[in-house]
Structures are given as structure tokens and as C-alpha cells.
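A short worksheet on the structure shown next.
2 protein chains.
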Amino acid sequence: MKHLELDLGARSYPIFIAPGILGDGALWLKYIRGQQVCIVSNDTIAPLYLASLKQQLADKSVCEVILPDGESHKTLAVLENIFDTLLQANHNRSTTLIALGGGVVGDMCGFAAACYQRGVQFIQIPTTLLAMVDSSVGGKTGVNHPLGKNMIGAFHQPNCVLADLNLLNTLPDREFSAGMAEVIKYGLICDADFFVWLEQNMSALMGRDTELLSEAVYRCCVNKANVVADDEREGGRRAILNLGHTFGHAIETAEGYGNWLHGEAVAAGTALALALSVKMGWLPPEVEKRGLALLVQADLPIAPPPNMNVDQFLQLMGRDKKVLDGQLRLILLTGLGEAVVSSEASVEIISQVLLAAGVGA
Amino acid sequence: MKHLELDLGARSYPIFIAPGILGDGALWLKYIRGQQVCIVSNDTIAPLYLASLKQQLADKSVCEVILPDGESHKTLAVLENIFDTLLQANHNRSTTLIALGGGVVGDMCGFAAACYQRGVQFIQIPTTLLAMVDSSVGGKTGVNHPLGKNMIGAFHQPNCVLADLNLLNTLPDREFSAGMAEVIKYGLICDADFFVWLEQNMSALMGRDTELLSEAVYRCCVNKANVVADDEREGGRRAILNLGHTFGHAIETAEGYGNWLHGEAVAAGTALALALSVKMGWLPPEVEKRGLALLVQADLPIAPPPNMNVDQFLQLMGRDKKVLDGQLRLILLTGLGEAVVSSEASVEIISQVLLAAGVGA
């Protein structure tokens with residue numbers, strides 16, 4: 001079993017990575033401090049794993065909330081279901097919520113935990129590759145707004161994260177690829193050695209070799225934990241984790257939440273960020289080529305949707321959380337494994353890159 | 001002008017108390033760090049004070065959200081209006097929200113600030129006595145749920161609190177009295193000298209003597225600031241600020257939000273807490289009498305609504321945030337100015353006190 005600690009002082013917590021740990025209650029039951037537990041899952045995952053999770057919780061008083069699956073349901077209105085269930089079951093401040101699902105379930109469950117009675121504890125059990133390597137770690141929680149992704153939320157850290165690699169066995173290929181976009185991200189922004197390792201192992205990873213996947217999830221979590229420990233509330237460096245995300249959020253919002261998976265939009269956004277980094281003269285073109293090749297090998301899109309136009313992109317990007325006092329801040333690369341947060345790219349140069357990528361004028 | 005500081009380390013902030021400070025931008029504009037400002041108010045207060053507030057903000061980029069007035073609108077659904085406006089106006093993470101209103105506006109604006117883009121800054125400009133002495137100070141924010149009051153929220157501290165006593169000139173008598181319930185609370189729970197001062201000055205206070213009101217607001221804020229500085233997130237002692245509130249929340253929820261004002265429900269709840277404290281043998285009956293006399297002098301109810309019954313009370317109280325692992329914890333008095341958090345009162349003894357107060361069997 002692999003194990004690491006996210007170091008945030010009093011809010012520190014462990015991340016456990018191994019096949020089968022969902023069934024190993026002895027390992028993680030101690031992170032549930034009260035008697036009440038509320039499992040939040042969705043209608044795809046619950047039929048697969050809810051029963052075995054509940055088996056481990058036989059000694060607790062358990063209620064459950066099964067949300068509709070998909071990014072389009074990540075809204076304040078759907079969030080209310082969690083509060084309804086918690087109150088109907090008389091759950092108090094000592095309750096623990098458990099997120100059993102992908103990024104959407106984790107973000108919503110975490111946000112509900114942040115807000116219920118002004119904050120209760122929660123545990124992340126990610127069931128997708130994307131959630132294991134990215135969204136379940138670091139305490140970002142929230143819901144979407146029709147005008148922008150993740151616009152309503154909180155920083156709220158879990159008690160622990162359990163990445164059970166066996167849960168990936170039921171993950172559809174498209175979702176698996178989407179998770180790989182975030183895996184590749186870590187190589188690009190802060191871990192050149194890992195990027196090289198990914199180039200060497202991508203075909204085995206796409207074949208879902210458990211040993212290699214375990215290593216990949218661990219490396220991603222170590223990288224994320226380091227960045228988050230330095231800058232929990234994204235005052236500065238944590239923003240590099242958003243490589244491709246400002247472009248990507250614009251795609252998700254424009255195309256309708258869930259039509260492009262988050263990881264797919266991040267992949268296309270990463271391709272744009274690579275192109276922009278080259279256009280700025282900051283990144284050697286061959287690093288861009290290697291990045292694109294790895295995304296393609298992971299069956300990910302590297303071009304934005306052709307039905308979008310430049311103005312739409314710029315308007316949606318202008319609403320992103322990385323905007324500060326009118327300045328659009330983007331994550332760009334200055335080398336393999338080296339990212340910067342920059343507002344130096346002008347609207348003109350961003351437009352040129354979008355046009356070159358096939359976006360309408 | 002009176003001025004105190006709530007000491008919370010990096011989250012410390014000043015509270016300014018004086019007639020006319022709303023017009024003294026030189027004093028408080030420095031607490032707005034960015035260019036964007038969003039004023040949140042309601043349809044009663046906005047016609048009275050929005051224009052003069054905006055005059056002070058002439059150099060800022062200002063948008064506004066006018067909510068419907070009243071506790072019944074303190075919901076997640078109404079909260080969405082704030083997010084809609086912020087996103088439509090492209091407000092980013094450096095925006096500052098300003099709550100211009102009573103407790104409902106302050107709680108909702110503060111919660112919106114806690115959640116918008118995972119947290120932006122905000123300022124409290126309370127316009128009711130209750131908000132000046134209690135809800136605007138200490139960072140509790142949130143909305144109600146049909147099944148329980150303030151069940152969804154966050155701890156989020158403002159940048160500063162501006163208590164402009166001139167704003168009380170337009171406050172209806174019933175709301176003024178409601179605020180006095182929280183004023184009396186501070187005397188009962190932690191400041192016997194202040195309680196005696198209130199006994200001596202209540203009739204002049206009810207006549208809205210500005211000098212005396214200023215002193216009362218200051219004393220309340222000093223007491224609240226001390227309690228909150230010791231226990232920001234209510235792990236322990238902060239709970240004493242909820243004297244009468246567990247009973248009171250049950251009344252508010254049962255009667256429909258807004259039919260009993262929060263302060264009225266707290267007054268009736270305080271009367272029940274006093275009676276229970278006496279029944280436990282912890283409080284001399286003459287302190288109960290002095291407490292009731294002061295509530296009556298402030299034109300406040302001291303009996304619960306007769307249409308409620310004991311079971312309804314107990315069920316609603318069982319859902320309160322002060323419940324921990326099934327134990328109902330109540331704030332009781334052991335003397336004038338001395339409160340404890342206790343789960344020693346049995347359901348039987350609470351029922352007896354409710355029945356004696358006229359609640360149905």
C-alpha cells in the first residue's frame with residue numbers, strides 16, 4: 001500500500017492508495033469520529049459499490065444520498081438534496097459525510113460538508129482516475145453556476161482520502177482518458193521526470209496495469225500535496241494546478257456541463273496553453289509536441305470545439321477565478337515541468353492562438 | 001466614536017460604533033481592497049440608505065442586489081440572486097461585498113462572500129439593533145432550511161463592521177425590541193455589571209437615547225468579541241452566546257420564519273432557559289425574576305406560542321446545532337452573568353418547564 005500525508009498543520013490528512021482498501025475498514029474507520037455517517041454517491045456508482053461500503057459501516061448510523069450522475073447536476077439546487085437528507089435523519093455536527101464517486105460527487109459532498117451546520121467532517125473515496133489524482137485531494141469543493149464553473153464553493157479539507165484502484169475496473173474508457181489529462185498535467189507543470197516516465201509507460205497505463213496506475217496516482221498525489229501544502233487557498237503558486245483549466249472551463253461552460261468531460265476540456269485547454277507558451281517564445285516547440293503526443297496517446301482531444309468563436313472564449317475566460325482586477329491570468333510553461341502564472345499574454349496573442357487552433361473568428 | 005478590535009490573528013478586524021459613520025468614507029474605505037464592490041441590501045433598507053452608501057463608493061465599480069425583506073427569504077434559492085448578480089457583473093476574487101441591512105442581509109451576504117469563488121471579502125453595515133450587537137460580529141453566516149434555522153452556512157469574518165447609530169432612527173419599535181433581547185442576553189450570560197446598568201437605563205434606551213445606545217452596542221460588542229476571540233468556531237465556550245436560542249429556533253421553525261422575529265423567539269427562549277436554570281436548582285429565582293422584568297420592560301414576549309406542544313418543541317430542539325451525538329446541549333445560568341453549556345437537563349425536566357410555561361401537552 002502507498003501512503004502519503006498532506007501537511008496542512010491542524011488540517012493535515014493521509015491519502016491511502018492501494019487496490020482493495022475500501023474493504024479494509026480497520027485502516028480507515030478511525031477517521032470517522034462520530035456515530036453518524038452520510039454517504040453521498042451517484043446513480044452510476046451506488047449500484048456498484050454502495051453495499052460493500054455500507055458493510056464496513058455496520059456499527060454506524062448510516063444514511064445515504066444518491067445524486068443524479070454528471071456535471072450538469074453539480075448545482076446548488078441538487079446540493080439541497082444532501083441537506084434535506086441530513087436534516088431528515090437528524091444528523092448533527094459530529095456527523096461524517098463520505099463522498100463515494102468521481103469529481104462531481106466529491107466536490108458536492110465536500111461543499112455540503114463545508115456548509116452543513118457551518119462545517120462537518122468528510123472523507124473522500126474517489127471512484128474515477130480524475131478524482132484520485134486531482135479533485136479528491138486539496139480541499140477544493142463547490143458547485144457550478146450557469147455562468148461559470150465552480151463559482152460557488154469552499155476550501156474544506158477531508159479527514160482522509162482512500163484511493164482504491166480496484167474501483168477503476170468499472171470506469172468507462174472515456175472517463176479513464178479524461179483522468180489521464182490531469183495525470184499528464186502534473187508532468188508538464190512540475191515533474192519532468194514523471195513526464196518522461198509517462199512517455200515510457202503510457203500504453204501500459206492505458207491498458208490499466210494496476211501496479212503502474214498505483215505509481216501514477218501516488219506521484220500525482222505527492223505533487224499535488226506539495227503544491228497545496230505551500231499554498232492551501234491559492235494565493236499564488238497553487239494556481240499552476242490549473243494548467244489548461246481557464247480555456248477548459250470556457251469550453252465546459254459554452255458546450256453545456258457534461259457534454260465535454262472536465263478532463264477532455266482540460267486536455268484541449270492544455271493544448272492551447274502549450275501553443276500559447278510557444279507563441280510567447282517561452283517554450284521550445286518540441287516540448288509542445290511531446291505534450292500533444294502524450295494527450296493523443298491517452299485518447300484525448302487536443303483541439304477546442306470548432307463551434308466556439310474567439311469572443312465567446314474571451315468572455316467566458318474573463319469570468320474565470322484566475323482573473324484579478326481585470327487581468328486575465330493564465331498558467332503557461334517555460335519548460336518541461338516548469339509553470340508560471342502570468343498575465344503577460346495579450347488578448348491579441350490569445351486570439352491568434354485560438355484562431356490557429358480552429359476556433360471561429 | 002467608539003472602536004474595538006476583534007482579535008483573531010490574521011482574521012482580526014475593527015468594529016466602529018458612532019452616529020453618522022456611514023458618511024465617513026475616509027474612515028472605512030481603506031477596508032475595501034479592490035475596485036469592485038457589490039452591495040447586498042433589502043427592499044426596506046435600500047430606499048433609505050443605499051444612495052448615501054453609493055455616494056461614498058463613487059470611485060468604485062459598484063453593483064447591487066436588493067433582496068426581499070424578512071427571515072422567510074433567508075434561503076439557498078434567494079442566495080442565488082447574489083451569485084447571479086456577481087457573475088453577470090463579472091466580479092472576480094478581489095471583489096468586496098457590503099451587507100447593508102439587518103441580520104438576514106448580513107447572514108446571507110456573509111455566506112455569499114464565503115462561497116463566491118470559494119471566498120471573497122465583505123463588510124458589515126448593520127441597520128438593526130440586533131445586527132449591531134450580535135449577528136454582524138463574529139463571522140457566523142448562513143441561510144435557513146425548512147427543517148432548521150441557520151443549518152447551512154459558514155464561518156467567514158468581515159473586514160470591518162460599521163455600526164452607524166443613526167440608522168436605528170428608522171427601525172420599527174418591534175424590531176428595536178427584538179434587538180434588545182440580544183442586548184439583555186450579554187448581561188445574563190457574562191456581564192453582571194452590564195445587566196445592572198441595563199436595569200438602570202432600560203427606559204432611556206427604549207426611548208432611543210443615542211449616547212446610551214452607543215454605550216450598549218459597545219458593551220455588547222466587547223463581550224461578543226471576547227467570547228469569539230477565545231473560540232471562533234464554537235468548539236466550546238462560544239455556545240453560551242446561544243442562551244435561549246435552542247428554544248428560540250424551535251419557535252421560529254414551528255411558527256414559520258419571520259412570524260416571530262428572531263429576537264422575540266430568543267426572548268421567549270431566554271425565559272424558558274431562566275425557568276429551567278431555576279428548576280435545576282442552579283439559579284436563584286430572583287435572578288430569573290430580574291431577567292423576566294428586563295425582557296418585559298423591553299416589550300418582549302416571555303412565553304412561548306401556546307399553539308406549540310411539548311413533542312414539537314423537543315423534536316425541533318433535537319435538530320439544533322448544539323446537539324452532539326444525540327445529547328441535547330442547552331445554555332443555562334448558574335448565576336447573574338454566569339452561563340454554562342450543559343446536557344444535564346433531562347427530557348422530563350425540560351418537558352415540565354415547557355408545560356409550566358403554557359406549552360400544550
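Those sequence lines, one after another, are chains V and P. Going by full-length UniProt numbering, the letters in the first sequence line up with residues 1 to 361, in that order. Going by full-length UniProt numbering, the letters in the second sequence line up with residues 1 to 361, in that order. Backbone N, C-alpha and C define an ideal beta-carbon position, used for all residues, glycine too. In this text, all values refer to a predicted model and were calculated from it rather than measured experimentally.
Chain P contact residues for residue i, given Cβ-Cβ distances below 8 Å
{"i": "K289/V", "result": "Result: empty, since nearest Cβ-Cβ is about 34 Å, beyond 8 Å."}
Residues that DSSP places opposite residue i in a beta bridge
{"i": "L332/P", "result": "V340/P"}
{"i": "G119/V", "result": "Its beta-bridge partners do not exist; DSSP assigns none."}
{"i": "residue 396/P", "result": "Only positions 1 to 361 of chain P appear in this structure, which leaves residue 396/P out of reach."}
{"i": "W260/P", "result": "Y257/P"}
{"i": "K2/V", "result": "I17/V"}
{"i": "S246/P", "result": "The sequence shown places Thr at residue 246/P, not Ser. Paired residue(s): none; T246/P is not in a bridge."}
{"i": "T141/V", "result": "A154/V"}
{"i": "P126/P", "result": "G101/P"}
Listed by chain order, chain V residues near residue i by CB distance under 7 Å
{"i": "L8/P", "result": "Residues of chain V passing the Cβ test: none, with the nearest at roughly 15 Å."}
{"i": "H145/P", "result": "F83 and L87"}
{"i": "R319/P", "result": "L87 and N90"}
{"i": "L76/P", "result": "L76 and E80"}
{"i": "C115/P", "result": "I152, G153 and A154"}
Partner residues on chain V for residue i, Cβ-Cβ distance less than 8 Å
{"i": "F155/P", "result": "R118 and G119"}
{"i": "G110/P", "result": "Within chain V, no residue comes near G110/P; the closest Cβ sits about 11 Å away, beyond 8 Å."}
Distance between residue j and residue i (C-alpha atoms, nearest Å)
{"i": "T270/P", "j": "G179/V", "result": "55 Å"}
{"i": "A99/V", "j": "V78/V", "result": "15 Å"}
{"i": "E175/P", "j": "G103/V", "result": "45 Å"}
{"i": "I82/V", "j": "D69/V", "result": "14 Å"}
{"i": "V340/V", "j": "I331/V", "result": "6 Å"}
{"i": "L314/P", "j": "V347/P", "result": "8 Å"}
{"i": "V65/V", "j": "N90/V", "result": "14 Å"}
{"i": "M206/P", "j": "A225/P", "result": "24 Å"}
{"i": "residue 362/V", "j": "L4/P", "result": "This structure does not reach residue 362/V, given that chain V is present from 1 up to 361, and the question cannot be answered."}
{"i": "R319/P", "j": "S203/P", "result": "37 Å"}
{"i": "V353/P", "j": "A163/P", "result": "37 Å"}
{"i": "V133/P", "j": "Y13/V", "result": "38 Å"}
{"i": "residue 372/V", "j": "N307/V", "result": "No information on residue 372/V is available, as it lies outside the stretch 1 to 361 that chain V covers here."}
{"i": "G153/P", "j": "T141/P", "result": "5 Å"}
{"i": "T246/P", "j": "T44/P", "result": "29 Å"}
{"i": "T128/V", "j": "T127/P", "result": "49 Å"}
{"i": "W28/P", "j": "I17/P", "result": "12 Å"}
{"i": "G9/P", "j": "L300/V", "result": "47 Å"}
{"i": "Y186/P", "j": "F195/P", "result": "8 Å"}
{"i": "M280/P", "j": "E344/P", "result": "9 Å"}
{"i": "Q88/V", "j": "V359/V", "result": "49 Å"}
{"i": "residue 401/P", "j": "A229/P", "result": "Not covered by the structure: residue 401/P. The range shown for chain P is 1 to 361."}
Residues that residue i contacts on chain P, provided the C-beta gap is smaller than 9 Å
{"i": "K30/V", "result": "The premise fails here: K30/V is roughly 17 Å from chain P at the closest Cβ pair, so nothing lies under 9 Å."}
{"i": "K140/V", "result": "R118"}
{"i": "G256/V", "result": "Going along chain P, no residue has its Cβ under 9 Å from G256/V, so there is no contact; the nearest lies around 17 Å."}
Within 8 Å, strictly: CB atoms of residue i and residue j
{"i": "F155/P", "j": "R233/P", "result": "yes"}
{"i": "P285/P", "j": "V278/P", "result": "yes"}
{"i": "K74/P", "j": "D107/P", "result": "yes"}
{"i": "L165/P", "j": "L213/P", "result": "yes"}
{"i": "residue 419/V", "j": "I15/V", "result": "Past the edges of chain V, shown from 1 to 361, lies residue 419/V, and the structure says nothing about it."}
{"i": "L97/V", "j": "V62/V", "result": "no"}
{"i": "L171/V", "j": "I184/V", "result": "no"}
{"i": "L274/P", "j": "L333/P", "result": "yes"}
{"i": "A265/P", "j": "I251/P", "result": "yes"}
{"i": "N309/V", "j": "A361/V", "result": "yes"}
{"i": "V40/V", "j": "A114/V", "result": "no"}
{"i": "C221/P", "j": "G337/P", "result": "no"}
{"i": "V37/P", "j": "L57/P", "result": "yes"}
{"i": "L316/V", "j": "A216/V", "result": "no"}
{"i": "Y218/V", "j": "I123/V", "result": "no"}
Chain P contact residues for residue i, given Cβ-Cβ distances below 7 Å
{"i": "C148/V", "result": "A quick correction: the sequence has Gly, not Cys, at residue 148/V. Near G148/V (Cβ distances below 7 Å), the residues of chain P are L87."}
Closer than 7 Å: residue i CB and nearest the ligand NAD heavy atom
{"i": "V137/V", "result": "The ligand NAD is absent from the structure shown, which contains no ligands of any kind."}
Would you list, in sequence order, the uninterrupted alpha helix (DSSP H) runs of no fewer than 4 residues that lie entirely inside the segment 143-228 of chain V? 173-190 and 192-206
Which complete beta strand (DSSP E) runs does the segment 28-105 of chain V hold, if anything under 3 residues is left out? Within the segment 28-105 of chain V, the complete beta strand (DSSP E) runs of at least 3 residues fall at 36-42, 61-67 and 96-101.
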